[in-house]
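So the protein sequences, as listed, match chains A and B.
Mapping of the first sequence onto the numbering used here: position 72 corresponds to residue 72, and the numbering continues sequentially without gaps.
Take the position in the second sequence, starting the count at 1, then add 1000; the result is the number in the numbering used here.
Every residue, glycine too, gets a C-beta built ideally from N, C-alpha and C.
Owing to the predicted nature of the structure, the values given are computational and were not obtained by experimental measurement.
Everything below concerns the one structure shown next.
Protein chains: 2
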Amino acid sequence: MARKATFNRDDILRRARDLFWRKGYHATSLKDLEQVLELKPGSIYAAFGSKEALFSEALEVYARGSRSDLEAALDAGGSPLDALAQHARSLSALCDQDRPARACMLVKTILEHPDEQSPVRQLAETLMDEAGARFIDGFRRAKAAGELAEDADPIRLGLKFQSDVVGLRAFAQRSDGADVVPALAEDLARSVEALRVA
Amino acid sequence: MARKATFNRDDILRRARDLFWRKGYHATSLKDLEQVLELKPGSIYAAFGSKEALFSEALEVYARGSRSDLEAALDAGGSPLDALAQHARSLSALCDQDRPARACMLVKTILEHPDEQSPVRQLAETLMDEAGARFIDGFRRAKAAGELAEDADPIRLGLKFQSDVVGLRAFAQRSDGADVVPALAEDLARSVEALRVA
DNA sequence: CCTTTACTTGAGTGATCACTCAAGTTATAT
DNA sequence: ATATAACTTGAGTGATCACTCAAGTAAAGG
Chain A
1 MARKATFNRD
11 DILRRARDLF
21 WRKGYHATSL
31 KDLEQVLELK
41 PGSIYAAFGS
51 KEALFSEALE
61 VYARGSRSDL
71 EAALDAGGSP
81 LDALAQHARS
91 LSALCDQDRP
101 ARACMLVKTI
111 LEHPDEQSPV
121 RQLAETLMDE
131 AGARFIDGFR
141 RAKAAGELAE
151 DADPIRLGLK
161 FQSDVVGLRA
171 FAQRSDGADV
181 VPALAEDLAR
191 SVEALRVA
Chain B
1001 MARKATFNRD
1011 DILRRARDLF
1021 WRKGYHATSL
1031 KDLEQVLELK
1041 PGSIYAAFGS
1051 KEALFSEALE
1061 VYARGSRSDL
1071 EAALDAGGSP
1081 LDALAQHARS
1091 LSALCDQDRP
1101 ARACMLVKTI
1111 LEHPDEQSPV
1121 RQLAETLMDE
1131 AGARFIDGFR
1141 RAKAAGELAE
1151 DADPIRLGLK
1161 FQSDVVGLRA
1171 FAQRSDGADV
1181 VPALAEDLAR
1191 SVEALRVA
């Protein structure tokens, strides 16, 4: 009856994510996308509707990808505090791999969209809230496991941790980031472990 | 013999700084600048040469402005550690004022310029290195004043502090940033004060 | 096989981009 | 007052922006 698209949608979205993640929304042109996705403009618009819609889907792919590591570690059943510390320590690898950018794509998106009403901005904020909720949940589990002091506030700890991660990753974006990131990641991991009371 | 420009250069640069700070480099068009600066394109180009050159000057104005507070506090002769903690605490005011953006303009610039060779990116990095050097200097003075432990590493502490500030300010950019920033700023200030041994 | 239905193609849309420059204007020096 | 040198003006430059659509192509159903 009909014909299927010749490209793999997930593959295209991952490529779009990497390009947007590296260059940001405004600096990425349709020409850039055509080259990287190996798609003509007509195909892009038939499949995704608009540059903004494509970006939104790419952002969701990014968020989905970031979700897995921490969630897996937390659900593995070991010490929640260890999982959080391990997550911090894993940031030292930020500079090794050849990734599109070291900074968080959600943060980059929020910073380059000052209009709080813009759909892209709101999506990025929602996804960041979800990420924050996962950190908070991590500290909640740590408290439930008796790893934290009685008066520890999981919400405050979770938000502080997210803020620290955001800072570390933004800081890591600098050209000489590789020189300092491992030490900063270690500092962050130890500050988490220092919360342990049991 | 000749004629003077009718506008005040510093005033124009402050306005350009605020616009670029808020919208970022790529999303700011010459049309935007013409409106905000109340200058015709010819005047802008006669005075500054190019959009990039104007941005660079605006970025330097930004950096010069950010420099003053901490430097004054450190040079006031009181406790260096108190000056640093006070600087952290002052971040809680980030959300009160009606500023162009809560995030650091240098960080925003680095994040939206992935090409490490671009002049704008290199300028932003240089200015950020200088800011980091001031933090490091603060901890050096604190150590010299006997406020820090013998084995404290001012460089590491300074970079960690800068990373925390970057994170806090980027985090503060979120729509509901006002709800959490004061608590995060207080946490950061206390973590500085916790370093005190004397 | 042919028909149908979708996907692919890429030249082309008007709008906007950063930027230019010749003509007009005005403060200053003489 | 006049000449001069610098500033201001704004229409206009080619390039690029996000996006469209009619024509071409190919896979699936009968």
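- Task: Note down, in chain order, each residue of its chain lying with its Cβ closer than 6 Å to the Cβ of Glu1125 (chain B), except the 5 sequence neighbours on either side.
- Result: Here residue 1125 (chain B) refers to the residue found at position 125 when the second sequence is read from its first residue. Hits under 6 Å: none found.
- Rounded C-beta distance between Cys104 (chain A) and Arg3 (chain A)? I'm assuming under 8 Å. For the purposes of this step, residue 104 (chain A) is taken as residue 104 along the first sequence, with counting starting at 1. For the purposes of this step, residue 3 (chain A) is taken as residue 3 along the first sequence, with counting starting at 1. Not quite, the Cβ-Cβ distance comes to about 39 Å (not below 8 Å), so this is no contact.
- Please decide whether Glu34 (chain A) counts as near chain B, where near means a Cβ-Cβ distance under 8 Å. Numbered from 1 along the first sequence, position 34 holds the residue referred to as residue 34 (chain A). By this cut-off, Glu34 (chain A) is not an interface position.
- Item | Interface partners of Leu1168 (chain B) on chain A, CB under 8 Å | Stepping through the second sequence from its first residue, residue 1168 (chain B) is reached at position 168. Per Cβ cutoff of 8 Å: Ser163, Gly167.
- Task: Can you pull the chain B residues whose beta carbon is under 7 Å from the beta carbon of Glu125 (chain A), in chain order?
- Result: Your numbering for residue 125 (chain A) matches position 125 in the first sequence. Those within 7 Å of Glu125 (chain A) in chain B are Arg1174, Ser1175.
- CB contact below 8 Å: Arg67 (chain A) versus chain B: Residue numbering aside, residue 67 (chain A) sits at position 67 when the first sequence is read from its first letter. Contact of Arg67 (chain A) with chain B is not assigned, every C-beta pair being separated by 8 Å or more.
- Quick one: is Leu111 (chain A) near chain B, going by C-beta distance under 8 Å? Here residue 111 (chain A) is taken as the residue at index 111 of the first sequence, counted from 1. It does; some Cβ of chain B falls within 8 Å.
- Message: Can you look up Asp115 (chain A) in the DSSP assignment and give me helix, strand or coil?
- Response: The residue given as residue 115 (chain A) occupies position 115 in the first sequence. Asp115 (chain A): coil per DSSP, three-state reduction.
- Taking C-beta to C-beta, are Ala1198 (chain B) and Glu1147 (chain B) nearer than 8 Å? Start at 1 with the first residue of the second sequence, and residue 1198 (chain B) comes out as number 198. Start at 1 with the first residue of the second sequence, and residue 1147 (chain B) comes out as number 147. Cβ distance < 8 Å, so Ala1198 (chain B) and Glu1147 (chain B) count as in contact.
- Can you tell me whether DSSP reads His1026 (chain B) as helix, strand or coil? As a first step, residue 1026 (chain B) is located in the second sequence; it is residue number 26 there, counting from the start. In the structure shown, the three-state DSSP call for His1026 (chain B) is coil.
- Collapsed DSSP secondary structure at Asp98 (chain A) in the structure displayed: Along the first sequence, one-based indexing puts residue 98 (chain A) at 98. Here Asp98 (chain A) sits in coil by DSSP.
- Query: Quick one: Cα of Ile1044 (chain B) to Cα of Arg1017 (chain B), how far?
  - Reply: The count along the second sequence starts at 1 and reaches residue 1044 (chain B) at position 44. The count along the second sequence starts at 1 and reaches residue 1017 (chain B) at position 17. Straight-line Cα distance between these residues: approximately 14 Å.
- Beta-carbon separation (whole angstroms), Ala189 (chain A) vs Ala88 (chain A), contact threshold 8 Å: Residue numbering aside, residue 189 (chain A) sits at position 189 when the first sequence is read from its first letter. Residue numbering aside, residue 88 (chain A) sits at position 88 when the first sequence is read from its first letter. About 4 Å separates the two Cβ atoms, so the contact holds.
- Task: Run down chain A in chain order and give the residues with a C-beta less than 9 Å from the C-beta of Leu1195 (chain B).
- Result: Translated into positions along the second sequence, residue 1195 (chain B) becomes position 195. The premise fails here: Leu1195 (chain B) is roughly 12 Å from chain A at the closest Cβ pair, so nothing lies under 9 Å.
- Message: Helix, strand or coil, according to DSSP, for Gly1065 (chain B) in the structure here?
- Response: By 1-based counting over the second sequence, the position of residue 1065 (chain B) is 65. Of the three classes helix, strand and coil, the one that applies to Gly1065 (chain B) here is helix, per DSSP.
- Item | Contact with chain A by Gly1146 (chain B), beta-carbon distance below 8 Å | In the second sequence, residue 1146 (chain B) corresponds to position 146, counting from 1. No, its Cβ sits nowhere closer than 8 Å to a Cβ of chain A.
- Message: Contact criterion: CB-CB distance below 8 Å. Does Arg190 (chain A) meet it with respect to chain B?
- Response: Here residue 190 (chain A) is taken as the residue at index 190 of the first sequence, counted from 1. Chain B, which has no Cβ nearer than 8 Å to the Cβ of Arg190 (chain A), makes this no.
- Sorted by chain position, which residues of the same chain lie with C-beta nearer than 7 Å to Leu33 (chain A)'s C-beta, five sequence neighbours on each side aside? On the first sequence, residue 33 (chain A) is found 33 positions in, with the first residue counted as 1. The answer, listed in chain order, is Ala16, Leu19, Ile44.
- Bounding residues of the alpha helix (DSSP H) (the contiguous stretch that carries Arg1190 (chain B)): For the purposes of this step, residue 1190 (chain B) is identified with residue 190 of the second sequence, where counting begins at 1. Segment 1177-1193, the alpha helix (DSSP H) holding Arg1190 (chain B).
- Message: For Lys143 (chain A) and Asp129 (chain A), I'd like the C-alpha separation in whole angstroms.
- Response: Locating residue 143 (chain A) in the first sequence gives position 143, where the first residue counts as 1. Locating residue 129 (chain A) in the first sequence gives position 129, where the first residue counts as 1. C-alpha separation (whole angstroms): 21 Å.
- Taking Cβ positions, are Leu1123 (chain B) and Ser1056 (chain B) nearer each other than 8 Å? On the second sequence, position 123 is the one that residue 1123 (chain B) refers to. On the second sequence, position 56 is the one that residue 1056 (chain B) refers to. Yes, Cβ-Cβ distance for Leu1123 (chain B) and Ser1056 (chain B) is below 8 Å.
- Message: So, does the region 175-189 of chain A touch the region 90-108 of chain A, judging by three or more C-beta pairs under 8 Å?
- Response: yes
- Which stretch, first to last residue, makes up the alpha helix (DSSP H) that contains Ala1172 (chain B)? The residue given as residue 1172 (chain B) occupies position 172 in the second sequence. Its alpha helix (DSSP H) spans residues 1154-1172.
- Message: Against Lys1160 (chain B), what residues of chain A qualify as contacts under a CB-to-CB distance less than 7 Å, listed in chain order?
- Response: Here residue 1160 (chain B) corresponds to residue number 160 of the second sequence, with the count starting at 1. Chain A residues near Lys1160 (chain B): Leu184, Asp187.
- Query: If you draw a straight line from the alpha carbon of Glu71 (chain A) to that of Arg134 (chain A), how long is it in whole angstroms?
  - Reply: In the first sequence, the residue the question calls residue 71 (chain A) occupies position 71. In the first sequence, the residue the question calls residue 134 (chain A) occupies position 134. Using only the alpha carbons, I get a separation of about 8 Å.
- Put Ala76 (chain A) into one of helix, strand or coil per three-state DSSP. Residue 76 (chain A) sits at position 76 when you count from the first residue of the first sequence. Look at Ala76 (chain A) here: in three-state DSSP terms it is coil, with no helix or strand label.
- Message: Using C-beta distances below 8 Å, list every residue in its chain close to Val166 (chain A), excluding the 5 sequence neighbours before and after it, in chain order.
- Response: Along the first sequence, one-based indexing puts residue 166 (chain A) at 166. Around Val166 (chain A): Cys104, Val107.
- Cutoff 8 Å: Ala1058 (chain B) Cβ touching any chain A Cβ: As a position in the second sequence, residue 1058 (chain B) is number 58, starting the count at 1. Not closer than 8 Å to any Cβ of chain A, the Cβ of Ala1058 (chain B) fails to qualify, so no.
- Message: Please list, in chain order, the chain A residues whose beta carbon lies closer than 7 Å to that of Lys1108 (chain B).
- Response: As a first step, residue 1108 (chain B) must be located in the second sequence, where it is residue number 108. Leu111, listed in chain order.
- Message: Just to check my reading of the structure: Gly963 (chain B) and Leu1111 (chain B) have Cβ atoms closer than 8 Å, yes? What is that Cβ distance to the nearest angstrom?
- Response: With chain B covering only 1001 through 1198, there is no way to say anything about residue 963 (chain B).
- From which residue to which residue does the alpha helix (DSSP H) around Gly42 (chain A) run? Locating residue 42 (chain A) in the first sequence gives position 42, counting from the first residue. Run containing Gly42 (chain A): 41-48, per the alpha helix (DSSP H) assignment.
- Message: I'd like to know if Met105 (chain A) contacts chain B, where contact means its C-beta is closer than 8 Å to some C-beta of that chain.
- Response: Counting from 1 along the first sequence, the entry for residue 105 (chain A) is found at position 105. No, Met105 (chain A) lies away from the interface with chain B (no Cβ there is under 8 Å from its Cβ).
- Item | DSSP-derived helix/strand/coil call for Val1197 (chain B) | As a first step, residue 1197 (chain B) is located in the second sequence; it is residue number 197 there, counting from the start. Coil.
- Task: Tell me, to the nearest whole angstrom, how far the beta carbon of Leu1084 (chain B) is from that of Gly1138 (chain B); I am working on the premise that it is less than 8 Å.
- Result: By 1-based counting over the second sequence, the position of residue 1084 (chain B) is 84. By 1-based counting over the second sequence, the position of residue 1138 (chain B) is 138. Indeed they touch by this definition, with Cβ atoms about 5 Å apart.
- Rounded to the nearest angstrom, how far is the Cβ of Leu1081 (chain B) from that of Arg1196 (chain B), given a contact under 8 Å? As a working mapping, residue 1081 (chain B) is identified with position 81 in the second sequence. As a working mapping, residue 1196 (chain B) is identified with position 196 in the second sequence. That pair is a contact at about 6 Å.
- Message: Please list, in chain order, the chain A residues whose beta carbon lies closer than 7 Å to that of Val1180 (chain B).
- Response: The residue you call residue 1180 (chain B) lines up with position 180 of the second sequence. Leu159, listed in chain order.
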